[in-house]
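K.L.:
Just dropping this structure here.
Protein chains in written order, with my numbering: chain A, 1 to 130; chain B, 1001 to 1251.
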């Protein structure tokens, strides 16, 4: 069954890269270019998972993650943060804000796919109450 | 011999004869039983031999199946490894495609510089870089963009002096493959000569890699080669497009 993935990044290079990585798998891709747009798209599209950059204009990935987790309609959507620096403070903040996992740049394609499949499988195993 | 004695002897003789008859009959019965047991034993031995033979066949078949299973598991692991390798190769090709595509998607100079930075940050993994162009007299490198650096001291670099200036003179790429290989005090991971049609037009300097990246991978060297040619061409094209616009040749 095809899954809908929302990818969020302000860099077109990264978005194209992620589209190419995910495009070989049964995923439908939806794109947002910053955190604010991601919050809106998450509510509109109700994707099965979100792949979100941390450093973005308007609203960064950590704040967007918090917003998405606060909204009842989108709280169940697993979020994977894509961070340039794998520093513990950044990652801890991500987990505090509700992310399910994280990957660091440069993105390793097999690692990204494995983590995405893990969070999708976990989401199926623990369906949301809403 | 009295009659009494004779009768006694007759009785003994008759009883002995009857007893003998009984013994003979019992002997026949026992012989028959022995015969049956012999037959049964022969049949049991045959069954045992058959069972042993079947067991050996099964053991042999089981060994063969076990060997085939082990072989299949080995092949399966080899296929999984190969699949991962192909996935990685695909990802590498995707990286190269993305880099090449993005560099040539626009004639806007700032956009091309942005793409070069995005490639270095997101595909190579460094947040410290500087892009230089040769001055018109080809004596200096002039910084046209940078990211994550205190750029003030590095805005102008003389050609032929220092690591970056030397790359501008020689046209040879400078690369430190891993953090451990870096000399004390040195911060340049790679200095890539930007060339158009074999002529050096600038240098892309990449400083420290991201903390999670200890060393450069084969893909990074491919990206360096791609940047050396395509970044320079893309920047050259933006300049040519600007000139054409000024002349009114382009919209």
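Cβ coordinates follow ideal geometry from the N, Cα and C atoms, glycine included.
Which value, in whole angstroms, describes the spacing of the CA atoms of residue 1110 (chain B) and residue 1098 (chain B)?
P.N.:
The alpha-carbon atoms of residue 1110 (chain B) and residue 1098 (chain B) are separated by roughly 18 angstroms.
K.L.:
Name the residue from A:118, A:88, A:117, A:96 whose alpha carbon lies nearest to the alpha carbon of residue 104 (chain A).
P.N.:
If we check each option's Cα against that of residue 104 (chain A), A:88 comes out closest.
K.L.:
What number of angstroms, rounded off, separates the C-alpha of residue 130 (chain A) from the C-alpha of residue 77 (chain A)?
P.N.:
For residue 130 (chain A), the pLDDT reaches just 42, beneath the cut-off of 50, and the residue's location in the model is therefore unreliable, leaving the point undetermined.
K.L.:
In chain A, which residues lie with their C-beta within 7 angstroms of the C-beta of residue 1110 (chain B)?
P.N.:
Under the 7 angstroms cutoff, chain A gives no residues; its nearest Cβ is about 14 angstroms from residue 1110 (chain B).
K.L.:
Buried or exposed, going by whether 16 or more other CB atoms sit within 10 Å of the CB of residue 1236 (chain B)?
P.N.:
Residue 1236 (chain B) is buried by the Cβ-count criterion.
K.L.:
Would residue 1042 (chain B) be called buried (16 or more neighbouring beta carbons within 10 Å of its own) or exposed?
P.N.:
With fewer than 16 other Cβ atoms within 10 Å, it is exposed.
K.L.:
In the DSSP assignment, the alpha helix (DSSP H) including residue 40 (chain A) goes from what residue to what residue?
P.N.:
From DSSP, the alpha helix (DSSP H) with residue 40 (chain A) extends over 35 to 45.
K.L.:
Listed in chain order, which residues of the segment 17 to 41 of chain A have Cβ atoms closer than 8 angstroms to some Cβ of chain B?
P.N.:
Correct list: 17, 20, 21, 24.
K.L.:
Going by Cα to Cα distance, which pick from A:41, A:113, A:126, A:8 is closest to residue 62 (chain A)?
P.N.:
The candidate whose alpha carbon is nearest that of residue 62 (chain A) is A:8.
K.L.:
When you compare the CB of residue 105 (chain A) with every CB in chain B, is at least one pair closer than 8 angstroms?
P.N.:
Chain B contact via Cβ: present.
K.L.:
Does the distance from the CB of residue 1096 (chain B) to the CB of residue 1194 (chain B) come in under 8 angstroms?
P.N.:
Cβ atoms of residue 1096 (chain B) and residue 1194 (chain B): not closer than 8 angstroms.
K.L.:
Using a Cβ cut-off of 9 angstroms, pull out every chain A residue sitting near residue 1190 (chain B), in sequence order please.
P.N.:
Chain A residues near residue 1190 (chain B): none, gap ~14 angstroms exceeds 9 angstroms.
K.L.:
Helix, strand or coil for residue 101 (chain A) per DSSP?
P.N.:
If DSSP states are grouped into helix, strand and coil, residue 101 (chain A) belongs with the strands.
K.L.:
Check the Cβ of residue 1088 (chain B) against every Cβ in chain A and list those closer than 8 angstroms, keeping chain order.
P.N.:
Under the 8 angstroms cutoff, chain A gives 109, 110.
K.L.:
Starting from residue 1156 (chain B), follow its DSSP beta bridges and name the residues at the other end.
P.N.:
According to DSSP, which records beta bridges pairwise, residue 1156 (chain B) is partnered with B:1142.
K.L.:
In whole angstroms, give me the CA-to-CA distance for residue 41 (chain A) and residue 1248 (chain B).
P.N.:
Looking at the two C-alpha atoms, the distance is approximately 42 angstroms.
K.L.:
Report yes or no: is there a C-beta of chain A within less than 8 angstroms of the C-beta of residue 1080 (chain B)?
P.N.:
No, no contact with chain A.
K.L.:
How would you list, in chain order, the residues of chain A whose beta-carbon sits under 7 angstroms from the beta-carbon of residue 1098 (chain B)?
P.N.:
13, 16, 17, 20, listed in chain order.
K.L.:
Give me the residue from B:1056, B:1137, B:1168 with the minimum Cα distance to residue 1131 (chain B).
P.N.:
Considering only alpha carbons, the answer is B:1168.
K.L.:
Grouping DSSP H, G and I as helix and E and B as strand, with all else coil, what is residue 83 (chain A)?
P.N.:
If DSSP states are grouped into helix, strand and coil, residue 83 (chain A) belongs with the strands.
K.L.:
Just to confirm my understanding: we take residue 1113 (chain B), look at its own chain, exclude 5 residues before and 5 after, and list those with CB closer than 8 angstroms. What are they?
P.N.:
For residue 1113 (chain B), where only same-chain residues beyond five positions count, the Cβ hits under 8 angstroms are 1131, 1144, 1145, 1235.
K.L.:
Need the endpoints of the beta strand (DSSP E) that residue 1213 (chain B) sits in, please.
P.N.:
Here residue 1213 (chain B) belongs to no beta strand (DSSP E), and DSSP marks it neither H nor E.
K.L.:
Between residue 46 (chain A) and chain B, is there a C-beta pair that is closer than 8 angstroms?
P.N.:
It does not: the Cβ of residue 46 (chain A) has no partner Cβ on chain B nearer than 8 angstroms.
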